[in-house]
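Student: Numbering-wise, my numbering puts 184 at position 184 of the sequence shown, and it's gapless, one number per residue. We treat Cβ as the ideally placed atom computed from N, Cα and C, and that holds for glycine. Computed from a prediction, not measured in an experiment: that's the story for all the values here.
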Amino acid sequence: MAPHRAPETQPPLSDREIERFKRDAARAAAELVHDGMRVGLGTGSTVAHLLDALGERAGQLRTARFAATSPRTAAIAAELSLEVCDLDELGELDLAIDGADQVDPAGWLVKGGGGAHTREKIVAAAAHRFVVIVSAEKLVPRIGPPVPLELLRFGVRCTLAELGHSVLRDADPSPDGNLIADYTGPVEDPAELAARLAATPGVVEHGLFPPAMVGEVIVAGPQGIERRPITA
Ligand code: 5RP
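1. Which complete alpha helix (DSSP H) runs does the stretch 5 to 73 hold, if anything under 4 residues is left out?
2. Between which two residues does the beta strand (DSSP E) containing Asp182 stretch?
3. For Gly107, count the other beta carbons within 10 Å of its own beta carbon; 16 or more makes it buried, fewer makes it exposed. Which is it?
4. Please state the DSSP three-state secondary structure of Glu192.
5. Leu61 to Ser166, Cα distance in whole Å?
6. Under the three-state reduction of DSSP, which class applies to Ala124: helix, strand or coil?
7. Based on Cα-Cα distance, which residue from Val217, Ala220, Pro175 and Gly144 lies nearest to Val190?
8. Considering Arg169, what are the terminal residues of the alpha helix (DSSP H) in which it resides?
9. Quick one: residues in its chain with C-beta nearer than 6 Å to the C-beta of Thr118, no 5 flanking neighbours on either side, listed in chain order?
10. With three or more C-beta pairs closer than 8 Å as the rule, is the stretch 178 to 198 touching the stretch 85 to 101?
11. Which residues does DSSP list as the beta-bridge partners of Ile97?
12. Output needed for Ala53: all residues of its chain with C-beta closer than 7 Å, excluding positions within five of it in sequence on either side, in chain order.
13. Cα separation between Leu208 and Lys111?
14. Could you have a look at Pro146 and say whether DSSP puts it in helix, strand or coil?
15. Just reading off the alpha helix (DSSP H) that Ala161 is part of, what are its end residues?
16. Between the stretch 150 to 163 and the stretch 214 to 231, do at least 3 Cβ pairs fall closer than 8 Å?
17. Closer than 7 Å to a non-hydrogen atom of the ligand 5RP - does that hold for the CB of Val47?
18. Please confirm whether Arg196 has its beta-carbon closer than 8 Å to some beta-carbon of chain B.
19. Would you report the Cα separation of Ala195 and Pro210, rounded to the nearest angstrom?
Printed below as a string of structure tokens:
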């Protein structure tokens, strides 16, 4: 596999390094979780490291409660003896932690590589603090395609035609039974594109997360761990 390029960290990172950096970022974020907190858990391979770290401390997190963004995250968390609750049961969250596919210098995110971005956005919005954990190759100078989409099945061909530059993913449906697609056209201005995608009938949710939603990005790379507060 071709090495991944970390725009802000040369030389390119190997798969093994990326995995180590995902784990380092996840372990740094796990330290933010304390007993009694209500915590949103994202989805993906970086979050898998977070779950491992929280699982090691399950004995000290007996009264912490967790809302999961996917059935897979919920199953792993429950297996690790973390108390998983319905988001509506918790009402609001003290903290949510999740990975991302791209992070730009202003704090715009692209999420949804795993097709869970709708639930991830709901959980992030319910949290007082949303912390993003990434390995350094996820940092990009500017947001680019693909931008994940969750689409209603009804009239999906019409929705795709309306969107333009969008392709259905050959993947499982979302946890809520909708279809996952990717917008592959140009991204000149993330805010403009986010508004257009949100206004297209049939789009349940898109994977652009605005900086206003993000509290902090924890980046792990060859230089160690960097914590970037996002002020939008
Ligand atoms: C899932 C997501 C993930 O957070 C994103 O795709 C990053 O995944 P990974 O941690 O496996 O690199 O948005 O919908």
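Tutor: From the atom records:
1. As for any alpha helix (DSSP H) of minimum length 4 sitting wholly inside the stretch 5 to 73, the runs are 15 to 30 and 45 to 56, ordered along the chain.
2. Start and end: Leu179 to Tyr183.
3. By the neighbour-count definition (other C-beta atoms within 10 Å, threshold 16), Gly107 is a buried residue.
4. In the structure shown, Glu192 adopts helical secondary structure according to DSSP, grouped into three states.
5. Looking at the two C-alpha atoms, the distance is approximately 43 Å.
6. If DSSP states are grouped into helix, strand and coil, Ala124 belongs with the helices.
7. The identity of residue 190 in the sequence shown is Pro, whereas the question assumes Val. If you compare the alpha carbons of Val217, Ala220, Pro175 and Gly144 with that of Pro190, the shortest gap goes to Gly144.
8. From DSSP, Arg169 is part of no alpha helix (DSSP H); its letter is neither H nor E.
9. The answer, listed in chain order, is Glu150, Val204 and Glu205.
10. No: fewer than three Cβ pairs fall under 8 Å.
11. In DSSP, Ile97 forms a bridge with Leu41 and Val131.
12. Correct list, in chain order: Ala26, Arg27 and Ala30.
13. When rounded, the separation of the alpha-carbon atoms in Leu208 and Lys111 is 6 Å.
14. In the structure shown, the three-state DSSP call for Pro146 is coil.
15. Run containing Ala161: Val156 to Leu163, per the alpha helix (DSSP H) assignment.
16. No, they do not touch.
17. For the ligand 5RP, at least one heavy atom lies less than 7 Å from the Cβ of Val47.
18. Considering every chain present, this structure includes no chain B. It has just one protein chain.
19. Looking at the two C-alpha atoms, the distance is approximately 11 Å.
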